[in-house]
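Asks: Listed in order, the protein sequences are those of chains P and F. To convert a position in the first sequence, counted from 1, into the numbering used here, add 1. To convert a position in the second sequence, counted from 1, into the numbering used here, add 381. Note that CB positions come from ideal geometry on N, CA and C, so glycine has one too. One structure follows; several queries about it will come next.
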Amino acid sequence: MEYIARQIPFPTLYSLPFIGIAFEIEEYPPETENIVMLTKQENAEKESELEEKVADTPGATRIFFSEAGAIAIFTGQTVRSIFSFPFEFREFIKQCYMIGNRSFGLVGVTGAIMGIVLTIQSRPVLADFGAEAMLPQMVAVSLVREIGPVITALICAGKVGSGMGAELGSMKVTEQIEAMEVSATMPMKYLVATRVLAATFMIPLLVIFADTLGLLGSWLGVNIKGDVNIVLFFSHAFASVDFMDLIPSLVKSFLFGAVIGIIGCYKGYTAGKGTESVGIAANSAVVLSSLLIIITDLIAVQVTDILL
Amino acid sequence: MSETELHTQQSSTQALTEPEKIIEVKNLSISFGAQHVLKNLNFHLNKGENLVILGKSGSGKSVTIKCITDLLTPDSGTIEVLGEKIEDLEREELSELRKKIGFLFQSGALYDSMTVKDNLEFPLLRMNKKLKRDEINEKVKKVLDSVGLAHALNKMPAELSGGMRKRIALARTIIVDPVIMLYDEPTTGLDPVTSREISVLINEVQKNYETSSIIITHDMDCAREIADRVLMLKDGEVLAEGTLEELEKNEDQWIKSFFGKN
């Protein structure tokens with residue numbers, strides 16, 4: 002193993018930290034003795050062969066940076082497409098309908114259940130401190146600031162993100178994107194820009210809807226073991242939520258929408274060949290956008306904490 | 382007559398007799414990783430001609446026509462389409478040029494989420510925004526009639542058979558009156574009767590729309606039906622070129638086996 006490392010030219014040694022190279026080297030020891038017997042020219046050929054193998058090694062670091070770079074480039078292209086004339090307004094409206102209207106039911110039910118569960122689980126803890134009256138305030142702040150945006154975004158990553166990944170992936174596999182390109186239509190503008198923008202605008206609306214139903218659910222939850230007037234409940238709830246709670250929540254929701262749109266479209270648009278790629282695109286769109294939603298949330302909380 | 386005059390006269394006569402080149406491909410090479418798909422490919426398409434490119438799967442046929450429409454960027458070489466070099470074109474210029482090229486994809490590539498009518502209107506509305514609703518409807522009706530599928534206007538692509546999808550895809554391609562037609566395996570996956578119908582349609586399109594076409598295929602019956610000239614590709618290189626009759630007489634073993642003579 003050490004011998005082979007000596008065979009690699011000096012600059013190539015920098016590639017060694019990439020994860021995965023160890024596996025490549027592991028495969029080589031049986032050939033070590035043969036390399037000793039090689040002529041200078043053959044040795045050079047082997048070296049360049051090995052260099053190629055090192056370069057081709059799918060190290061995790063390399064994959065991470067190449068994927069991050071590709072997503073950054075894709076985001077840049079999307080932003081450029083959004084601001085280039087003419088804007089595909091009809092397709093944008095259609096996508097708003099697809100993303101917004103068709104997710105209402107799921108987001109609404111989830112929001113209501115979140116409200117009920119949060120209330121039922123928080124009540125005993127607050128009761129222990131004699132602060133049961135604070136239940137509406139606590140639920141409202143939790144829902145508006147964090148739970149509403151994050152849960153809605155995660156649900157939409159599953160529903161909308163995977164849909165985009167699968168749809169664009171299948172369009173790629175069946176050459177529909179290429180057909181669009183030769184029809185003098187820019188797929189980045191028609192397919193990607195409209196979807197990303199629609200997701201960016203629709204997710205915040207869905208978050209507001211989920212928050213509203215979450216509060217209604219919470220009121221129902223309160224009334225399981227009590228009798229609280231809805232007006233009283235909402236006046237208590239809104240007393241604790243001020244404008245500064247809404248701003249970070251809305252900003253976060255816009256960012257979550259953009260993340261879902263970009264990752265869903267990116268995964269679909271860059272899908273490989275064959276039907277298997279469609280599944281992979283849909284799956285990886287959900288996984289990556291969910292992860293990025295959590296990371297974005299972390300960053301947004303830190304930033305708004307400093308700014309506001 | 383002076384020597385210069387004679388030379389000029391000869392050149393102009395030659396220009397008159399030589400067919401106009403619609404597409405000219407020079408030294409085209411493209412690789413995907415370590416795989417060299419096209420190696421210094423040279424050929425041309427004359428005006429009004431049906432050029433059939435024959436070759437085994439993976440010989441670079443589809444890649445060639447994707448390079449012509451700039452769906453793939455070659456590593457080296459030049460492609461001239463209607464006198465314009467593809468690599469020199471800006472995005473808008475390329476878009477304008479693409480309006481003159483019809484591309485029939487192997488899978489048909491109909492938009493799944495749209496009806497047949499919307500599929501046909503899509504390129505039309507994008508390439509000619511000044512068209513009125515009546516004109517659009519008329520054009521849609523005309524192309525659907527020409528492929529014999531007037532009844533499929535409001536159907537979804539999923540409701541159509543393979544042959545019908547190919548016909549609709551062909552209708553979508555010719556609706557914008559292209560100058561050049563590129564067919565990527567138009568008869569693949571179809572039964573012999575439908576294959577023949579598609580071949581007949583290709584000839585009709587050439588006759589009615591005065592197109593010049595490149596047809597990628599490995600269907601010999603289709604090639605016999607439509608080819609004016611044949612280009613045989615092997616491992617990304619031109620192995621032979623000529624009429625179908627000339628190629629059938631070729632003594633090369635590989636060509637013979639392609640014609641089923643081994």
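What ranges does the alpha helix (DSSP H) occupy inside the stretch 167 to 205 of chain P, keeping only unbroken runs of at least 4 residues that lie completely in it?
Replies: Listed in chain order, the complete alpha helix (DSSP H) runs (minimum 4 residues) inside the stretch 167 to 205 of chain P are 177 to 183.
Asks: Can you give me the start and stop residues for the beta strand (DSSP E) that F/Glu461 sits inside?
Replies: From DSSP, the beta strand (DSSP E) with F/Glu461 extends over 457 to 462.
Asks: Just to confirm before moving on: does the CB-CB distance between F/Ile403 and F/Leu422 stay below 8 Å?
Replies: For F/Ile403 and F/Leu422, no; Cβs fall outside 8 Å.
Asks: CA-CA distance, P/Leu207 and P/Ala199?
Replies: Distance between the alpha carbons of P/Leu207 and P/Ala199: 12 Å.
Asks: Can you confirm whether P/Thr195, when its beta carbon is compared against all beta carbons of chain F, has any partner nearer than 8 Å?
Replies: P/Thr195 does not count as touching chain F.
Asks: Name the residues in the stretch 238 to 269 of chain P whose C-beta lies less than 9 Å from a C-beta of chain F; which are they?
Replies: Listed by position, the residues of the stretch 238 to 269 of chain P near chain F (Cβ gap below 9 Å) amount to none.
Asks: What are the partner residues of F/Val565, as DSSP defines its beta bridges?
Replies: Looking at the sequence itself, residue 565 of chain F is Asp, so the reference to Val does not match. Per DSSP, F/Ile597.
Asks: Check whether chain P comes within 8 Å of F/Lys520, counting only Cβ atoms and requiring the distance to be less than that.
Replies: Not one chain P Cβ lies under 8 Å of F/Lys520.
Asks: Within 8 Å of any Cβ in chain P, is that where the Cβ of F/Ser476 sits?
Replies: It does; some Cβ of chain P falls within 8 Å.
Asks: Using the beta-carbon count (16 or more within 10 Å), is P/Met203 buried or exposed?
Replies: Under this definition P/Met203 is a buried residue.
Asks: Could you check if F/Gly439 belongs to the surroundings of the ligand MN, using beta carbon to heavy atom distance under 7 Å?
Replies: The model depicted lacks the ligand MN and carries no ligand whatsoever.
Asks: Shortest alpha-carbon distance to F/Val560 belongs to which of F/Glu629, F/Asn589, F/Gly543?
Replies: For F/Val560, the nearest C-alpha among the options comes from F/Asn589.
Asks: Quick one: what's got a C-beta closer than 8 Å to P/Ala240's C-beta in the same chain, skipping five residues either side?
Replies: Correct list, in chain order: Gln138.
Asks: Considering only C-alpha positions, which residue in the set P/Thr186, P/Ala154, P/Ala113 is nearest to F/Lys480?
Replies: The candidate whose alpha carbon is nearest that of F/Lys480 is P/Thr186.
Asks: Restricting to Cα atoms, I'd like to know which of P/Ile281, P/Gln78, P/Gly131 is closest to P/Ser171.
Replies: When each option's Cα is compared against that of P/Ser171, the closest is P/Ile281.
Asks: For F/Pro567 versus F/Ile549, is the C-beta distance shorter than 8 Å?
Replies: No, they are not a contact pair.
Asks: Since F/Glu465 sits in a beta bridge, which residues does DSSP pair it with?
Replies: The partner list for F/Glu465 (beta bridge, DSSP) reads F/Val462.
Asks: Determine the direct distance from the alpha carbon of F/Asp572 to that of F/Gly641, and round the result to whole angstroms.
Replies: Cα to Cα, the separation comes out at about 20 Å.
Asks: Secondary structure at P/Ile94, three-state DSSP: helix, strand or coil?
Replies: P/Ile94: helix per DSSP, three-state reduction.
Asks: Distance check for F/Glu585 and P/Phe255, CA to CA, integer angstroms please.
Replies: So the two alpha carbons sit approximately 53 Å from each other.
Asks: Comparing the C-beta of P/Ser278 with each C-beta of chain F, is any distance below 8 Å?
Replies: No, P/Ser278 lies away from the interface with chain F (no Cβ there is under 8 Å from its Cβ).
Asks: With DSSP as the reference, label F/Lys442 as helix, strand or coil.
Replies: F/Lys442: helix per DSSP, three-state reduction.
Asks: Rounding to the nearest angstrom, what Cα-Cα distance links P/Asp298 and P/Lys253 in this structure?
Replies: Computed Cα separation, rounded: 7 Å.
Asks: Which same chain residues, not among the five before or five after P/Ala286, have their C-beta less than 6 Å away from its C-beta?
Replies: Excluding residues within five positions, the ones whose Cβ falls inside 6 Å are Gly162, Ser163, Gly166, Ile264, Gly265, Lys268.
Asks: Any C-beta of chain F within less than 9 Å: which residues of the stretch 166 to 188 of chain P qualify?
Replies: Within the stretch 166 to 188 of chain P, the residues whose Cβ lies closer than 9 Å to some Cβ of chain F are Glu168, Ser171, Met172, Val174, Thr175, Glu176, Gln177, Ile178, Glu179, Ala180, Met181, Glu182, Val183, Ser184, Ala185, Thr186, Met187, listed in chain order.
Asks: Using the Cβ count rule (16 or more neighbours within 10 Å means buried), how would you classify F/Phe486?
Replies: Result: buried.
Asks: How would you write the range of the alpha helix (DSSP H) that P/Ile264 sits in, first residue to last?
Replies: P/Ile264 -> alpha helix (DSSP H) spans 244 to 270.
Asks: Distance, Cα to Cα, P/Ala259 vs F/Met613?
Replies: Taking the straight line from one Cα to the other gives about 49 Å.
Asks: If we call anything under 8 Å between Cβ atoms a contact, is F/Ser457 one with F/Asn408?
Replies: It is a contact, given that the beta carbons lie within the stated cut-off.
Asks: What runs of the alpha helix (DSSP H), each 4 residues or longer, lie entirely inside the stretch 113 to 167 of chain P?
Replies: Here the runs fully enclosed are 136 to 143, 149 to 157.
Asks: Am I right that F/Ile579 and F/Ile446 are in contact with their C-beta atoms under 8 Å? What's the rounded C-beta distance?
Replies: At roughly 17 Å, the Cβ-Cβ gap does not stay under 8 Å, so F/Ile579 and F/Ile446 are not in contact.
Asks: Please report the straight-line C-alpha distance between P/Ala132 and P/Val126, rounded to a whole angstrom.
Replies: C-alpha separation (whole angstroms): 9 Å.
Asks: To the nearest angstrom, report how far apart P/Val232 and P/Leu292 are at their CA atoms.
Replies: Distance between the alpha carbons of P/Val232 and P/Leu292: 38 Å.
Asks: Closer than 8 Å, Cβ to Cβ, to anything on chain P: give me those residues from the stretch 422 to 456 of chain F, in chain order.
Replies: Listed by position, the residues of the stretch 422 to 456 of chain F near chain P (Cβ gap below 8 Å) are Lys447, Thr450, Leu452.
Asks: May I ask you to verify whether the stretch 611 to 630 of chain F touches the stretch 431 to 451 of chain F, counting CB pairs closer than 8 Å and requiring at least 3?
Replies: With the cut-off at 8 Å, the stretch 611 to 630 of chain F and the stretch 431 to 451 of chain F touch.
Asks: How do the stretch 211 to 223 of chain P and the stretch 525 to 537 of chain F stand: do at least 3 beta-carbon pairs fall below 8 Å, yes or no?
Replies: Flag = no, the stretch 211 to 223 of chain P and the stretch 525 to 537 of chain F do not touch.
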